[in-house]
Amino acid sequence: MEILHVSAECYPVAKVGGLGDVVGALPKYQNQLGHTAKVVLPMYRTKFLFDHQFDTVHQGSFDMGEHWFNYSIIKERKNTLGFDLYLVDINGMLDRQSVYGYGDDSERFTAFQIAVVDWLSQWKHQPDIVHVHDHHAGLIPFMMKYCTAYRNLAEVATVLTIHNAQYQGWMGWDKSRYLPDWNSFDWGNLDWQNNINPLASAVKCARVVTTVSQRYLEEMRQNANGLEKLFDYERGKFKGILNGIDTEVWDPSVDPYVSPNFNLIDASLGKLANKKKLCEQFNLDLEKPLFIFIGRLVYEKAADLLPQVIYDSIYHMEGKMNFLVLGSGESTVEAELENMKSKLVGYYNSKIGYNEQLSHQMYAGADFLIMPSRVEPCGLNQMYAMRYGTIPLVRNTGGLQDTVKDFGEPNGYGICFNDATVWDITHAIYRALEIYNQPKLLKKLVTKIMKLDNSWESSAKKYLDLYQSIL
Ligand code: ADP
């Protein structure tokens, strides 16, 4: 099968969160299984662009509202990532430093999607599957089906994967003029509650929809930022397929960011040496268990609770632990996490910002990872942490519930709690201390989590089976 993935992110070209990791890995595994998976994303001005060579493979133009755009499709020359990588270059629109966060993001991603569909409509053959990811590519199934200029794509099978239903790409109806000509009878396939809603549109128009864990699929019918009824109505189209992790990138025995590298056999020593470096860098105590948080500092991740959790744990448990936080997001949370540093010297530190290298070092050197998310469609951090021998403390929700089993249960290995509250998280930290104080138990759990198989192999096959079922 030939599959074209359309996404706003793809590691290591451009990554903000888990979407980038998935789109950087899934196509590689699909190719290893004998298929031809390709990826197309916007051409941002990221390091990858300047470090690699590209050829222009197509040029075209389209109008979007009152503007006329020329676009180029460039292809990475050496297949460095294990799949063909195409970037859409639209001068002034997409070639920016960051992936998201601009006032004209609606226009940028609409232009990206029109360029992709326009390019695709001119291929000499058609791919078997167009697989769109999240709302940034959500208008594509509509355009392929209903825009007059692209009718030749109407029969190509489309798949939508929802990585996060909280973000939907809402646009006012005034922006409908941006879309290539379509019959106004079809407006219902764009609309949700009087707005153009690209995610809702993709749910309506794609042939099948997947979400990144079974549990999240069930939760979405109750909590999906206004789309609950649509998800319930279209439930026959939905399937939950758990994300995997790229075990070639996330392997503590060869990870170039980790020093020294370690494996299952020498994990205790290897982790300790990595922890020592982290403790020196962040003025923390090597003797105490190190709890980390890595992620977007947003409500969904319950990052707003972290300051109180850290204060309460340090004060009520006599400073028996250290905390290190890496993340960026809401400015109030960032500021609070920064301000706390001076009050908790030697117990707590943080790095505000995005830092891929430090994240790997933290997974390798920490003892415990805290993930109290209010919403977690799949979550990759807990899987990376486990591969690097770091025990996860997770709330029972979404993909966290599907991937972590409490150590109190038969064959369990992590720490699970029910509510995103300061009390529940602090109590989980208390339980973690009990594990830390029993070296035999700690070692047993570390061995168990490092042995877990969360690789892409089985999930990549499930996607291929799904494609087969709709062809
Ligand atoms: P989400 O996609 O909701 O942000 P996931 O758990 O699915 O959450 O994926 C998060 C990914 O982003 C992981 O690879 C994690 O290591 C990475 N990440 C998040 N924040 C940072 C940061 N500040 N620095 C480096 N990596 C980060």
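In our numbering, the protein residues as written are -6 to 464.
Backbone N, C-alpha and C define an ideal beta-carbon position, used for all residues, glycine too.
Note that the structure is a prediction, hence the values are computed from the model and not measured.
Remark: C-beta atoms of I408 and R388 do not approach each other more closely than 7 Å. Uninterrupted beta strand (DSSP E) stretches at least 3 residues long and entirely within the stretch 147 to 230 occur at 150 to 155 and 201 to 204, given in chain order.
Excluding its 5 nearest sequence neighbours in each direction, D14 has C-beta neighbours in its own chain below 6 Å: Y4 and L373, listed in chain order. The criterion of a C-beta distance shorter than 7 Å is not satisfied by A108 and M86. Note on K264: 16 or more other CB atoms within 10 angstroms of its CB, so buried under the neighbour-count rule. The nearest non-hydrogen atom of the ligand ADP is 6 Å or more from the C-beta of N182.
Per DSSP, the unbroken alpha helix (DSSP H) holding H309 starts and ends at L299 to H309. Between Y160 and K441, the alpha-carbon positions lie close to 35 Å from each other. For N63, the pairing in a beta bridge is given by DSSP as S54. For L438, the uninterrupted alpha helix (DSSP H) run begins and ends at P432 to K444, by DSSP. Secondary structure within the stretch 58 to 124: the beta strand (DSSP E) runs of 3 or more consecutive residues, fully enclosed, are 60 to 69 and 77 to 82 (chain order).
R289 has its CB nearer than 6 Å to a heavy atom of the ligand ADP. Runs of the alpha helix (DSSP H) lying entirely within the stretch 249 to 283 and spanning at least 4 residues, in chain order: 260 to 275.
Per DSSP, reduced to three states, the secondary structure at Y341 is strand. When DSSP states are grouped into helix, strand and coil, F400 belongs to the coil group. Within the stretch 359 to 407, complete alpha helix (DSSP H) segments of at least 4 residues are found at 374 to 380 and 391 to 396, given in chain order. Look at L319 here: in three-state DSSP terms it is strand. The criterion of a C-beta distance shorter than 7 Å is not satisfied by T151 and V302. The three-state secondary structure of A1, taken from DSSP, is coil. Counting the other CB atoms within 10 Å of its CB gives D167 a total below 16, which places it among the exposed residues.
For the options L337, L330 and I345, the alpha carbon positioned closest to that of G312 is the one of L337. In the three-state DSSP reduction, L26 falls in the coil class, being neither helix nor strand.
By the 16-neighbour rule on beta-carbons within 10 angstroms, K21 is buried. For D244, there is no enclosing alpha helix (DSSP H), as DSSP marks it with neither H nor E. Minimum Cα-Cα distance from V6 among the listed residues M(-6), T396 and F43 corresponds to F43. Non-local beta-carbon contacts of K454 in its own chain, meaning distances under 8 Å to residues more than five positions away in sequence, involve L26 in chain order. V32 sits in a strand when the DSSP states are folded into three classes. If you check the CB distance, M376 and I285 do not come in under 7 Å. Residue pairing by DSSP places H128 opposite no residue, since no beta bridge is assigned to it.
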